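Throughout the sequence shown, residue numbering follows our numbering, covering 72 to 858 in sequence. Every residue gets a Cβ at the ideal spot worked out from N, C-alpha and C, and that includes glycine. Please read these numbers as outputs of a predicted model, since none were measured by experiment. Reading through the structure tokens given below for one structure.
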Amino acid sequence: MPEAPIQAIEAWFARHAWTPFDFQRNVWNAYLNGGSGLVHAATGTGKTYAAWLGPLMEWMGEQPDPATWIKRRPPLRVLWITPLRALAADTAEALALPLRELGLPWSLESRTGDTTATVRNRQRQRLPTALVTTPESLSLFLTRADAADLFGDLRAVIVDEWHELLASKRGVQTELALARLRHWRPDLRVWGLSATLGNLDTALSTLLGTATPGQIIRGVVPKVLKVAAIIPPSIERFPWAGHLGTTLLPQVLAVIEGGRSALIFTNTRSQTEIWYQAILNARPEWAGEIALHHGSLDRKVRDWVETALRNGQLRCVVSTSSLDLGVDFSPVDTVLQIGCPKSVARLLQRAGRSGHSPGLESRIICVPTHDFELIEVAAIRRVILAGAIESRIPFECPLDVLVQHLVTIALGGGFEADALYAEIRTTNAFRDLQPDEWTWSLDFVTRGGDALQNYPEYKRVVIQNGRYVVLDREVARFHRLSIGTITSDAALKVQYLKGRSLGTIEESFIARLRQGDHFVFAGKILEFVRVRDMTAWVRKATGRSRLVPRWYGGRLPLSSELAAAVRAELERAREGIFESIEMQAVRPILELQMKWSAIPAQNELLIERVKTREGHHLFIYPFEGRLVHEGLAALFAYRLARHRPISFTMAMSDYGFELLSPDAPPLEEALAAGLLEPVNLVEDIAASLNATEMARRQFREIARIAGLVFQGYPGQHKTTKQVQASSGLLYDVFARYDSGNKLLAQASREVLERQLERSRLGRTLERLAASHVRILNVPRPTPFAFP
């Protein structure tokens, strides 16, 4: 390797008054030596240029005479995969800087769902030297008959924000696409960029598959992070649940006024809308200096907000996770988090939006929505100091994604069954794919399986001279329109009667509105007029409205790491140790809890019994997070009712759950009979919850990904009701006539593992079974019980 390229890069760094970090040099050297791997470093410490400059050095070494550069526009050499379309433009801008300033003749473009028709047409003829794209757009390229030629000169694939893709079906889609690229280019180098991730070895093996060795390179630059909380001026005796934290608006305004530019993160889109309105109502003179950002807003609105924030034009932006990733907003010096982020990784990711440069301090201020969240802030700070970050568990063998991929490859020139089987088993997701699962998948795309074999539209792939190919043009068209694994409720466009589009709202919210109703969206008060052509037509309204859209998926449970830290924090409080300012603030509540009941030790399970006019209450406190408690509440209710017929009303929080019944439940009898035992867990979950109905709902997503349900043409999407009816009918048909259908089994498995967190629930039961059960009869609901 000539020294000139490295010297040129070092000189380029020096012109910007930068010095390369050792980990960046390590990545460059590993790449130039033919290696693949995973770069794990804090947000804002230089991961992008660690991955990007190696391919540039390689090309400069191959073309040592700059006089010839202008004549040589190289074909596609680098593929940069980003999880969000919103990151594509910002990433391309960062990648373009060294190309421009070093004078390299590389072409650089992006290809996402936002790419214009003109650029798409140009890319059909020739791809740029470097392409920034998404997993979905990459899969679309694989449907082209000339796909192998398109990627014939590909040297490197960089997967940005790999931690964000890892534990999703989009990650599996990426794994399969990478296996196809490696099939064509065995010497392909693949690098993942990641922050805030615990299980690095798993992340590496999932990215590279079973056949490619690689290495983990860690950023060595420590990122200074300060985690603080706004302490309420007065602590309520009984902390409510479900509040939005707006009582602390004056303190939040003071923080915003004390800095240059602030990002305010919330956990839900509806909370974003509410906080934006609250700030604007309190400071109307800030109109034009504050903005709103979430995934349902129109693309043009989001682009404007991102540009204005980057240029330092905005005093603050209220956002959801839509600004979590990647984008560099250097002017931002303060991040506020409304409510606890519920996981260490999420807090680190969001904190990294401030001080987004090497060596700068990142600062995040948590705004509690109820007093107990101060305990979570204290706990999360301890976890960060201990260096513990949550792991992300990848999907294993999702056959709906495999079925979609089979049609993709059959469309992109076809495949031979044995060769593709071997290729797919090089991925981590399908390393254990069994022959019967493979045979079933092939049969499903060629025949539709036993139940659908008489319907021609489900015979998507045909066998021609030993190769599996797609010949039907309608099948090809439908498939290209349906590629991807992102599923959500049907969304309606929100548009002024005379004017621009504002974004999208889920159909379930619009269905509740009547003509003339006012609601808040995109930071504006709107009057609902009518729905027509999948569009909710609105006009501007005046006054105020409390009606805010709610989006599915807003319930964020405590991670297992943070839940354990909360239990440890309570253990210290039980011993009279209140070290942090947050724990000092909640000390009066916890001391009242000790006076009226108890704070459980880490090896105890606290159960409170109280009788009120409503009936008999059991308050049970595992401190394991909302989703686990949802499963435990149903499980305990079922196991208690086996001893005596009884009905329960259930409620749960991140700290515990309540069972309310008209008669006293047989608690001691059930404990003696194994109430806390993990034995027969799967069977009891299935009996305690309507697991069949939950699997039926989960099957809707699976059917969409597997290509069994067509969502409709762009601008003509089917309604949620139509899609549910189609997937529900298919579920019933399979259950009745094709009980061995592997997509049914997948739906049940995903409900147990992904929705009910069966593995974590089982571990929780094992912990509780080994704990000392402390049952206290209390005269009134305690501070723990009150939420």
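Segments of 3+ residues assigned as beta strand (DSSP E) that fall wholly inside the segment 83-123:
108-111
Using DSSP with H/G/I as helix, E/B as strand and the rest coil, what is Ser-830?
helix
May I ask which residues mark the beginning and end of the alpha helix (DSSP H) holding Tyr-492?
488-495 is the span of the alpha helix (DSSP H), which, as asked, contains Tyr-492.
Just how far apart, CA to CA, sit Leu-173 and Trp-83?
8 Å
By the DSSP assignment, the beta strand (DSSP E) with Gln-196 in it spans what residues?
Not the beta strand (DSSP E): Gln-196 falls in the alpha helix (DSSP H), residues 188-196.
Could you tell me how far apart the beta carbons of Val-203 and Trp-151 are, in whole angstroms, since I believe they sit closer than 8 Å?
5 Å
Pairwise C-alpha distance: Asn-352 and Val-389
14 Å
Would you say the segment 340-357 touches the segment 411-426, given that touching needs at least three Cβ pairs under 8 Å?
no
Between the beta-carbon of Gly-520 and the beta-carbon of Asp-809, is there less than 7 Å?
yes
Have a look at Arg-191, Gly-125 and Ile-678 and flag the residue whose alpha-carbon is nearest the alpha-carbon of Val-98.
Gly-125
Three-pair Cβ contact test at 8 Å for the segment 679-699 versus the segment 821-830
yes
Applying the 10 Å Cβ sphere with the 16-neighbour rule, what's the burial state of Gln-535?
exposed
Is Glu-675 helix, strand or coil when you go by DSSP?
strand
Thr-200 and Arg-148 closer than 7 Å at C-beta
yes
Nearest to Ser-367 by alpha carbon, out of Thr-343, Leu-380 and Ala-379?
Answer by Cα proximity: Thr-343.
Is it right to say Arg-880 is buried, meaning 16 or more other beta carbons lie within 10 angstroms of its own, or is it exposed?
Look at the range of the chain in this structure, 72 to 858, and you will see that residue 880 is not part of it.
Would you kindly work out how many angstroms separate the C-alpha atoms of Glu-461 and Ser-414, rounded to a whole number?
Roughly 7 Å separates the two Cα atoms.
Inter-residue spacing [alpha-carbon to alpha-carbon] between Leu-847 and Ile-678:
6 Å
Quick check on Leu-779: buried or exposed, where buried means 16 or more other Cβ atoms within 10 Å of its Cβ?
Leu-779 sits buried, since 16 or more C-beta atoms from the chains shown fall within 10 Å of its C-beta.
The beta strand (DSSP E) with Ser-433 in it runs from where to where?
433-438
In this structure, how does DSSP classify Tyr-526 when only helix, strand and coil are distinguished?
coil
Using the DSSP secondary-structure output, state which residues sit across from Asn-862 in a beta bridge.
Only positions 72 to 858 of the chain appear in this structure, which leaves residue 862 out of reach.
Length of the line joining the Cα atoms of Ala-722 and Leu-706
Spanning the two alpha carbons is a distance of roughly 13 Å.
Taking all protein chains shown into account, decide if Gly-624 is buried (16 or more other Cβ within 10 angstroms of its Cβ) or exposed.
In this prediction, Gly-624 has a pLDDT of 44, which is less than 50 and means its spatial position is unreliable; what the coordinates show is noted afterwards. Looking at its Cβ environment, which holds fewer than 16 other Cβ atoms inside 10 Å, Gly-624 is exposed.
Within 10 angstroms of the Cβ of Ser-718, are there 16 or more other Cβ atoms? Answer buried if so, exposed if not.
exposed
What are the residues that DSSP puts in a beta bridge with Leu-288?
Checking the displayed sequence, the identity of residue 288 turns out to be Ile instead of Leu. Looking at the DSSP assignment, Ile-288 forms a beta bridge with Val-110.
Sequence-distant residues of its chain with Cβ nearer than 6 Å to Pro-154 (five each side left out)
Glu-232, Glu-235 and Leu-236
Buried or exposed for Val-753, going by 16 or more other Cβ atoms inside 10 Å?
exposed
Measuring straight from C-alpha to C-alpha, what distance separates Gln-795 and Arg-768?
Low confidence applies to Gln-795: its pLDDT is 49, below 50, so where it sits in the model is not reliable enough to give any reading.
Cβ-based burial, His-441 [other Cβ within 10 Å; buried from 16]:
buried
Does the beta-carbon of His-87 have 16 or more other beta-carbons within 10 angstroms, so that it is buried, or is it exposed?
exposed
Going by CA-CA distance only, name the one from Val-533, Ala-841, Pro-469 and Thr-479 that's closest to Leu-504.
Pro-469
Does the Cβ-Cβ distance between Ile-480 and Phe-486 come in under 7 Å?
yes
By a C-beta neighbour count over all protein chains shown, 10 Å radius and 16 as the cutoff for buried, is Asp-348 buried or exposed?
Looking at the sequence shown, residue 348 is not Asp but Gln. The residue is buried, with at least 16 neighbouring Cβ atoms inside 10 Å.
Is any beta-carbon of chain B found at less than 7 Å from that of Ser-668?
No chain B appears in the structure shown, which is made up of a single protein chain.
Tell me which same chain residues have a C-beta within less than 7 Å of the C-beta of Arg-838, skipping the five on either side of it?
none
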